[in-house]
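There are 2 protein chains.
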Amino acid sequence: MSNAFETAVKTVRFLSVDGVEKASSGHPGTPMALAGIGVELFTRHLRYVPTEPGWPNRDRFVLSAGHASMLLYSLLHLAGYDLSLDDLKAFRQWGSKTPGHPEVGHTPGVETTTGPLGQGVGNAVGLALASKMMGARVNSPNDAIVDYRVFGIAGDGDLMEGVASEAASLAGHLGLDNLVLVYDDNKITIDGPTSLSFSEDVGKRFEAYGWYVQHVDGHHPAAVGKALDAAVAEPSRPSLIVARTHIAIGAPTKQDTSGAHGAPLGKDEVLGAKQKAEWPTEPFHVPAGASDLFRARVAENQKVLADWKGRVAKLGGPRAELWQKLSTRQVPASLLDELVTQVDGKADATRSLSAKLEQKVAELVPSLVGGSADLAESCKTTIKGSGEVKRGEHAGRNLAFGIREHAMGAICNGLALSGFFVPFGSTFLVFSDYMRPSVRLSALMGQPAIWVYTHDSVLLGEDGPTHQPIEHVAALRLIPNLDVVRPADGLECAVAWAHAISRTNAPTAMVLTRQKTPTLARAAGFDPRAILKGAYVLDDAADPDLVLIATGSEVGVAVEAKQLLGDSLRVRVVSAPCWEAFCRQPESDQRAVLGSGVPRVTLEAGRTSLWRGVTGEAGLAIGIDRFGASAPAERIADELGLTASKVAQAIRERFAGGPR
Amino acid sequence: MSNAFETAVKTVRFLSVDGVEKASSGHPGTPMALAGIGVELFTRHLRYVPTEPGWPNRDRFVLSAGHASMLLYSLLHLAGYDLSLDDLKAFRQWGSKTPGHPEVGHTPGVETTTGPLGQGVGNAVGLALASKMMGARVNSPNDAIVDYRVFGIAGDGDLMEGVASEAASLAGHLGLDNLVLVYDDNKITIDGPTSLSFSEDVGKRFEAYGWYVQHVDGHHPAAVGKALDAAVAEPSRPSLIVARTHIAIGAPTKQDTSGAHGAPLGKDEVLGAKQKAEWPTEPFHVPAGASDLFRARVAENQKVLADWKGRVAKLGGPRAELWQKLSTRQVPASLLDELVTQVDGKADATRSLSAKLEQKVAELVPSLVGGSADLAESCKTTIKGSGEVKRGEHAGRNLAFGIREHAMGAICNGLALSGFFVPFGSTFLVFSDYMRPSVRLSALMGQPAIWVYTHDSVLLGEDGPTHQPIEHVAALRLIPNLDVVRPADGLECAVAWAHAISRTNAPTAMVLTRQKTPTLARAAGFDPRAILKGAYVLDDAADPDLVLIATGSEVGVAVEAKQLLGDSLRVRVVSAPCWEAFCRQPESDQRAVLGSGVPRVTLEAGRTSLWRGVTGEAGLAIGIDRFGASAPAERIADELGLTASKVAQAIRERFAGGPR
């Protein structure tokens, strides 16, 4: 180890320790252990230029073990990112650039938001896949525009999580040789030694997935460097480097203990560690020369960047055009109009109507890629005329995620984080639960992912309660920053896609039926842009007695119920495909749709809980507050009160003097 | 293959095919492929007596690939369970005993509800663990009262799911040699060949987990039988039998195709398959002798049962008492009173208050066992004075699940399904998302699981938005049949535990703070049973101007806000630890708490969406409708309007003529 290297390692180690100490909160042990690997990566392997953190072909570094955030912040500071020593001192404080866990978009150089374990592994797989897929689109022989590599660090917790297992299996299947994951094998978790619960052979498991696995001493920089070189050189497999490390290395009494995992070391222990390392005791000490190796690396990288810019500038013809479209995720301004012209008015399941529109979106937006968790046939999300992404064949737009919903979520997030793609992932709505942590992260990170969920109610029928969503639409609506769109017919599907694609800084969930829904009749001259507001008057009545608000497959039922009620109760039918969008409209616009002082009835084949805020006690929320049942859809609709006649009857009983 | 065996196999195969055909819906291919393995299991390996489906020491059969439900129903019918041919003919019909996916409690002989993939593997691990844990409690040398084995069947989909990976890793760690999993390796999923997305070496992966792995031809009964015998004889490891099978074996054109996976074969294909098998074409044909091998097996099993009953009858002393308590999951009638006497009135975090009470529950209810997903220290859920369950040591009550929340959920469900245990599983509330599919299944199955979620709001502080639940309390409340309890102080924690333990047919989520909460002042003579109603008047006002409803850590804030408002606005404070329980009270009781015509304000450090149904437009829902931030808790509380003064201010502005 050179002096300069050792100085850098110690600087990272003690900046991390001091940051946690000052915050009186955080995880010091892992940054201490990983400082050497971090410095090795940032000074000898990673391609990055801190002044251009958005360089599209930079290598991506993913700290899946996000609790070791001070490691990342210390490295980014030394590397020259816009992250000052004062920023490090503000670790875990309100408004600082250095939150408890790394947050993408918040801190330059942070590539993804990590902390919920295992997610970073999935993100890394998605980022690596994006590099391959972009390369297949815009590179030509001897002229690589996108060929970045992805380096990640994962801990025991990451690799115990199922989402990481799923993602690793798929990465092996796809042979993502541009992915290098360092496994911080420190034998310690929060509750104690890993031997409490974790005795599997991780290396062998990753070999079974098809990875190239190496074992090294994580505190031997030359060995780590050699393994990283071999991993980068590996021509056909993703790499796992099992690095045996010692948590809180150098701490006099806490090294190799869980005591150093999730709490500050404490004054005496910090002092002892610094003395042992012959390090000044003053906090946040950065000696002269601590950045030297980083600076040298950045200087090299700057040449790589200049060279890359030259190559991009020379792009011409269709490649230049494609590069432009993909690197900006370009969406034509005419998209909504183009989609609307696709709508032929034929009635069908919204999953099928959506499928047709998706083809048009795919044609107009080359960034759209995606796939299904083994339900492509049922969700109907395959992009036609385009191939499947496979090992060594990355030009396609369709991804087969296998029966791995959670990894699908985390990998789609990685695809989005690349900056090149608008990914979609599809499965049955009930299985949104399997990927919920990734959906939440897409919303927290503000990524333009599109989650396509079909079979959206008990009306999927015979599969029964295990497959019938009841609470899922509502549960998705609870996630901040996620828009949930449940279109009722072809036109609403067109607007739903336009809406989803327009959300460049936030994800959208599309909620679609298995069963056929009717095409809604709309007044002549109806402007589809009204649908973009989230809710609109579909079928009005003069001086209405009540407003009936429905979504998706229940809008047609509402229209029919209105007809059954005839003149006895004058009903305004409101279609509400996206309640979140509606709530963002000016209050006056909301009033124009919902009326004032008119009782409200809501109708949706799912939990009524959220709708009760709309109906108040004066209104009526019709829905399902129990688990479903296995039977043909018609029978279920009747038994659970979702037919037009049952709905009309419920309304009559509530509002026309019938029994309450 | 004997004639009798072959007849049984064909009967199962075609009953399954005919069931799917009649329902015009379902999955025929897998039952066809697995008929042989199923008959082998039910006629030569499983210990069961159909007339006593609740025999506590029966072997458990778990069909994790629940979509192959007709396989299970056909086997149960032939074995002599209370499941008639007419029941099979009513496959997937409203109210039938044969729903689309197997449902425990609905069909005799069904041990768990499966369909959501991977869950059954986790349930099987939990059931096997329960057998070991019960054995360690009630067996003596040469006198086994509980030593049942668990046999499961899992498909590709199950083994791709992360939850199964997590559970398998833990099963290997714990050396559950009483668990035998048959992997239906048919190379086909719904979307096509597994080669689309799944090329890992599953056997090698399970070896890495520490399993004993065998490979067999799944259509060679003798080989399957030999492998099952070897698996049962394996003394220290769980077993995986990789059985190569052919989906829809014998179907003339659909064998080995995904076309046979999720849709009826169709008339011609059924005819062809039957002709090829020399089988009568009439549907639901059960030839004489089809049940012979089953009957012979049951006769043997009846002897085993009689012998077992004899041993149980002879139990005496403490073993008999323990057996009685565990096999009935006995809870003393005095539990609530005993817990209440534990409450010393000292203020603390509700996670700490809960921890003390949990110790008392553990003392009084031997069935209580559980653990944490590597957050035992933070969630404080360790049962003191009891050991950790380890490989070969199963007498303890504490389980280290590792960083595997999803498997924790599925394994706890298995522990509950054993009938012996009331399991708890703990993690941070934000990670309830990781295990949500299992929580949902605990509710659907009506199992008495207790989900302990701590760090229940943004007030956990510095860990930041990745760790701060916003929508999670509301999202859990949306799951039908799950009660969510968020206690405010020690007394409410005592009632929360009594409530959770009393729910023998449904799960409960306990939602607890990281930070200290004040002890609430209550009127002299306050009856803690009032808390059991879910919401109660904590601090009343004469002729109140408004009712302020709060939960958990916000109840103390509400009381303080009331004091700040003084006489300017007379506030009734309602504490609402369990809204689901409150909604089950008679309307008159609800009115007595909430009043009539008095504006309502709700206060909870999370999403306001559900509360808007309580407040209506006339009221005010105070909460958090954005993601959190990394900072010390006090700062967050102030920034997000959760301090008493900010709450009082918001109320004043809304109700006392201030700016709206």
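So the protein sequences, as listed, match chains A and B.
Under the numbering used here, the first residue of the first sequence carries the number 1, and numbering increases by one thereafter.
Under the numbering used here, the first residue of the second sequence carries the number 1001, and numbering increases by one thereafter.
All C-beta atoms in this analysis are idealised placements derived from N, C-alpha and C, irrespective of residue type, glycine included.
Tell me the DSSP secondary structure of R591/A in three-state form.
helix
How about the region 420-435 of chain A and the region 129-147 of chain A: do they share at least three Cβ pairs that are nearer than 8 Å?
yes
Per DSSP, which residues does E1388/B bridge with? Please list them.
N1398/B
Would A1488/B and G1552/B qualify as a contact pair, given that the criterion is a beta-carbon distance under 8 Å?
yes
Using a Cβ-Cβ cut-off of less than 7 Å, give me the residues of the region 184-205 of chain A that come near chain B, in sequence order.
T189, I190, D191, L196, S197, F198, S199, E200, D201, K204, R205
Which full runs of the beta strand (DSSP E) of 3+ residues lie inside the region 1386-1474 of chain B, going along the chain?
1398-1400, 1422-1428, 1450-1454
Got a sec? Which residues, its chain only, sit under 6 Å from S1535/B by beta carbon, not counting five neighbours each side?
Ser is not the amino acid found at residue 1535/B; the sequence shown has Ala there. Within the same chain, A1535/B has close Cβ partners V1574, A1576, F1582, V1593.
Using DSSP with H/G/I as helix, E/B as strand and the rest coil, what is S630/A?
coil
Mind checking if V537/A is an interface residue toward chain B, Cβ cutoff 8 Å exclusive?
no
Identify, in the order they occur along the chain, each residue of the same chain with its Cβ nearer than 6 Å to the Cβ of L117/A, setting aside the five sequence neighbours on each side.
G157, D158, E161
According to a CB-to-CB cut-off of less than 9 Å, which residues of the region 1006-1030 of chain B neighbour chain A?
A1023, S1024, S1025, G1026
Length of the line joining the Cα atoms of H77/A and W211/A:
33 Å
Determine, using beta-carbon pairs with one atom in the region 286-301 of chain A and one in the region 7-20 of chain A, whether at least three such pairs fall under 8 Å.
yes
Heavy atom of the ligand MG within 7 Å of V1180/B beta-carbon
This structure lacks the ligand MG; in fact it carries no ligand of any kind.
Quick one, which of G1105/B, D1348/B, T1350/B has its alpha-carbon nearest G1054/B's?
G1105/B
Taking the C-alpha atoms as reference points, what is the distance between A1656/B and A1618/B?
13 Å
So, are the CB atoms of A355/A and P28/A less than 8 Å apart?
no
Cβ shell of T1382/B (< 7 Å), same chain only, five flanking positions each side left out:
A1376, N1398
Mind checking E278/A: buried by the 16 CB within 10 Å criterion, or exposed?
exposed
Partners in chain A for Q1330/B, counting only beta-carbon separations shorter than 7 Å
Result: empty, since nearest Cβ-Cβ is about 29 Å, beyond 7 Å.
Rounded C-alpha distance that separates V49/A from P518/A:
55 Å
DSSP on V365/A, reduced to helix/strand/coil?
coil
With a Cβ-Cβ cutoff of 8 Å, do L610/A and R477/A count as a contact?
yes
For R1244/B, write down the residues that DSSP places opposite it in a beta bridge.
D1185/B, D1217/B
Within 10 angstroms of its Cβ, does P235/A collect 16 or more other Cβ (buried), or is it exposed?
exposed
Pairing CB atoms from the region 457-475 of chain A with CB atoms from the region 366-376 of chain A, are three or more of them under 8 Å?
no
Three-state secondary structure (DSSP) at K1380/B?
coil
Verify whether the separation of the beta carbon atoms of T245/A and D201/A is less than 8 Å.
no
Could you check where the beta strand (DSSP E) with S1209/B kicks off and where it finishes?
The amino acid at residue 1209/B is misidentified as Ser; the sequence shows Tyr. Note, Y1209/B: premise wrong, no beta strand (DSSP E); alpha helix (DSSP H) at 1202-1209.
Got a sec? Which residues, its chain only, sit under 8 Å from G175/A by beta carbon, not counting five neighbours each side?
G210, S236, R237, P238, R391, G392
Answer yes or no: do H1173/B and F198/A have a C-beta to C-beta separation smaller than 8 Å?
yes
Can you list the residues of chain B that R440/A reaches, using a CB-CB cut of under 7 Å?
D1433
Over the uninterrupted beta strand (DSSP E) stretch that includes I1479/B, give me the two end residues.
No beta strand (DSSP E) holds I1479/B; DSSP gives it neither H nor E.
G1345/B burial status per 10 Å Cβ neighbour count (16 or more: buried)
exposed
In whole angstroms, what is the alpha-carbon distance linking D177/A and V232/A?
7 Å
Near-chain B residues of the region 463-479 of chain A - C-beta to any C-beta below 8 Å:
D463, G464, P465, T466, H467, I470, E471, A474, A475, R477, L478, I479
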